[in-house]
Amino acid sequence: MNDTRAVYPDFADPSFLKQHILDTVHFYAPRCIDLQNGGYINSFLDDGTISDYETKQLVGMTRFVYIFSAALQVGGPEKYHGAVEHGLHFLREYHWDHEHGGYHWTVKGRTPTDKRKFAYGHAFVLLAASNAFKAGISSAGPMIGEVYEVLEKHFWSKKDGLYADELTTDRMELSPYRGQNANMHLCEAMMAAYEATGDRRYLDRANTLAYSVMFKLLRQSGGLIWEHYNSDWEIDWNYNKDYTKSEYRPYGYIFGHSIEWSKLLLLLHRHFPQEWLLRLAERLFWEALHKGLDRRHGGIFFAMSPVDGRIIDADKSYWVMAESLGASAMLAASTGRAEYRKYYLDMFAYCWTYFVDHRFGGWYQVLDACNRKYSNIKSPPPKADYHPVTNCLTALSVWENAAGKPQ
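My numbering puts the first residue of the sequence shown at 515, with every later residue one more than the last.
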């Protein structure tokens with residue numbers, strides 16, 4: 515990436531980060547508020563035109579709760595309190611399974627159309643409720659313990675130190691698939707629950723998850739995170755083979771998940787300092803950049819083959835870039851090394867140039883290898899620009915602290 519930071523804002527300035535969070539959320543508000551069916555509209559074109567009025571996906575719904583709560587935490591308008599309550603009400607009334615417990619995956623209007631229960635979706639309910647509670651929404655408090663108990667009852671395996679992935683609709687039985695992605699976001703959500711409540715059980719669970727992934731799963735896959743496992747938590751190299759575009763279960767070494775784990779290990783280290791957290795965070799970050807950085811066009815490729823190390827998906831995804839911002843900011847704070855601050859500034863400059871829509875707001879979802887858009891769909895379910903918002907919050911927590919700025 516070219517070093518042309520002089521023409522850009524100061525991406526490490528806390529006031530910039532707060533404003534960018536508010537600007538990003540402003541793209542969605544108030545147009546995402548569904549006044550007819552409740553909850554949020556999930557799907558938008560580049561200019562904010564609504565492209566689907568009825569589909570309400572659990573992850574999208576919870577991510578809107580999250581970004582409105584984040585906006586409140588950085589000084590957003592008082593009306594966002596109502597926006598958060600609006601989403602929490604819909605989750606409780608229409609996504610919640612009033613017969614069996616747990617949260618339905620997809621609702622159309624107000625009617626559940628996909629009643630499967632996913633640990634991944636419950637991770638985002640926990641994250642959203644925790645962030646809302648941190649933002650002063652008292653009604654979110656009871657949801658934190660409630661969703662934890664659902665996860666404990668239906669998904670948790672004490673023997674494995676990990677969560678299973680999916681409950682069938684009819685018999686509430688677990689599918690044989692196991693995945694790291696749900697456990698990654700549950701580690702994130704457990705830390706958020708700890709920050710919101712001070713209850714140590716959430717931090718202990720986050721630590722158990724991180725330890726299990728790093729020392730049970732990573733040792734099977736080498737230097738990068740692998741996604742898919744069987745019911746014995748042994749790698750399944752063929753699951754979704756060659757299908758890199760799966761939203762939640764993509765094939766290949768997904769560089770962004772190694773980077774995202776790097777950030778989460780550092781956040782855990784902030785609460786529960788342990789040498790192995792910092793060591794593995796650096797290793798994952800550099801392994802992903804060494805193999806995934808596009809040194810010609812900038813950004814990070816999406817996926818690499820486990821067979822021969824070829825790049826099998828050269829697209830640039832908004833969430834991968836955003837996660838590298840949070841990880842590099844945390845590494846700068848944790849190590850004091852100037853190279854991480856430089857990477858953060860360079861990557862934000864790349865995102866500012868290619869991903870941030872300076873006309874309408876928000877971030878573009880995916881670009882090709884040469885940084886060109888594929889379509890005018892900016893935010894399909896479940897995007898909601900959660901990744902840019904949460905990583906700006908993470909960066910803000912670093913750069914607001916003078917001790918986190920390398921000298």
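Ideal Cβ placement from N, Cα and C applies to all residues, glycine included.
Residue i - DSSP class collapsed to helix/strand/coil
i           : result
residue 649 : coil
residue 866 : helix
residue 568 : coil
residue 632 : strand
residue 626 : strand
residue 770 : helix
residue 620 : strand
residue 601 : helix
residue 848 : helix
residue 735 : helix
residue 918 : Any reading at residue 918 needs caution, since the residue's pLDDT is 40, under 50, leaving its predicted position unreliable; the model's value is listed next. Residue 918 falls in the helix class under three-state DSSP.
residue 529 : helix
residue 760 : coil
residue 516 : Confidence is the limiting factor: at residue 516 the pLDDT is only 47, short of 50, which leaves the residue's position unreliable, though a coordinate-based value still follows. Note: residue 516 maps to coil in three-state DSSP.
residue 671 : strand
residue 686 : coil
residue 755 : coil
residue 788 : coil
residue 502 : Because the chain spans 515 through 921 in this model, residue 502 falls outside it and cannot be assessed.
residue 860 : helix
Endpoints, the alpha helix (DSSP H) within which residue i is located
i           : result
residue 902 : 900-913
residue 660 : 655-668
residue 609 : Element bounds for residue 609: n/a, residue is neither H nor E.
residue 524 : No alpha helix (DSSP H) contains residue 524, which DSSP labels as neither H nor E.
residue 726 : 714-726
Beta-bridge pairing of residue i - partner residues as DSSP gives them
i           : result
residue 680 : 632
residue 893 : 558
residue 807 : 814
residue 877 : 870
residue 743 : 692 and 749
residue 831 : 880
residue 887 : 881
residue 547 : 554
Enclosing beta strand (DSSP E) for residue i [first to last residue]
i           : result
residue 826 : 825-827
Close beta carbons around residue i, own chain, < 6 Å, minus the five adjacent residues each side
i           : result
residue 586 : 594 and 649
residue 495 : Given a span of 515 to 921 for the chain in the structure shown, any question on residue 495 remains unanswerable.
residue 910 : 528 and 531
residue 563 : none
residue 918 : Its pLDDT being 40, under 50, residue 918 is placed unreliably in this model, and the value from its coordinates should be taken loosely. Correct list, in chain order: 847 and 912.
residue 836 : 901, 902 and 905
residue 834 : 770 and 814
residue 760 : 754
residue 592 : none
Cβ shell of residue i (< 8 Å), same chain only, five flanking positions each side left out
i           : result
residue 524 : 530
residue 540 : 875
residue 939 : It is not possible to answer for residue 939, since the shown part of the chain is limited to 515 through 921.
residue 791 : 724, 779, 780, 782 and 783
Cut-off 7 Å between Cβ atoms - residues of its own chain near residue i, not counting five sequence neighbours on either side
i           : result
residue 857 : 842
residue 658 : 640, 643, 644, 647, 707, 710 and 711
residue 559 : 565, 890, 891 and 892
residue 621 : 570, 608, 609 and 627
query = Is the region 655-663 close to the region 674-682, with three or more CB pairs under 8 Å?
reply = As far as the Cβ criterion goes, the region 655-663 does not touch the region 674-682, which means the pair count is below three.
key: Contact the region 799-816 vs the region 724-744: 3+ CB pairs below 8 Å   = Enough Cβ pairs lie closer than 8 Å, so yes.
ask   = Within the chosen definition, does the region 840-859 reach the region 806-824 through at least 3 CB pairs nearer than 8 Å?
value = Three or more Cβ pairs closer than 8 Å define a contact, and the region 840-859 falls short of that threshold against the region 806-824.
task = May I ask you to verify whether the region 599-619 touches the region 575-586, counting CB pairs closer than 8 Å and requiring at least 3?
result = Verdict: yes, contact present.
inquiry  = Taking 8 Å as the cut-off, does the region 868-884 touch the region 897-911 (at least 3 CB pairs, one atom from each stretch)?
reply    = The region 897-911 vs the region 868-884: in contact.
query = If we count Cβ pairs, one from each stretch, closer than 8 Å, do we get three or more for the region 787-801 versus the region 756-776?
reply = Note that the region 787-801 touches the region 756-776; at least 3 beta-carbon pairs, one per stretch, sit closer than 8 Å.
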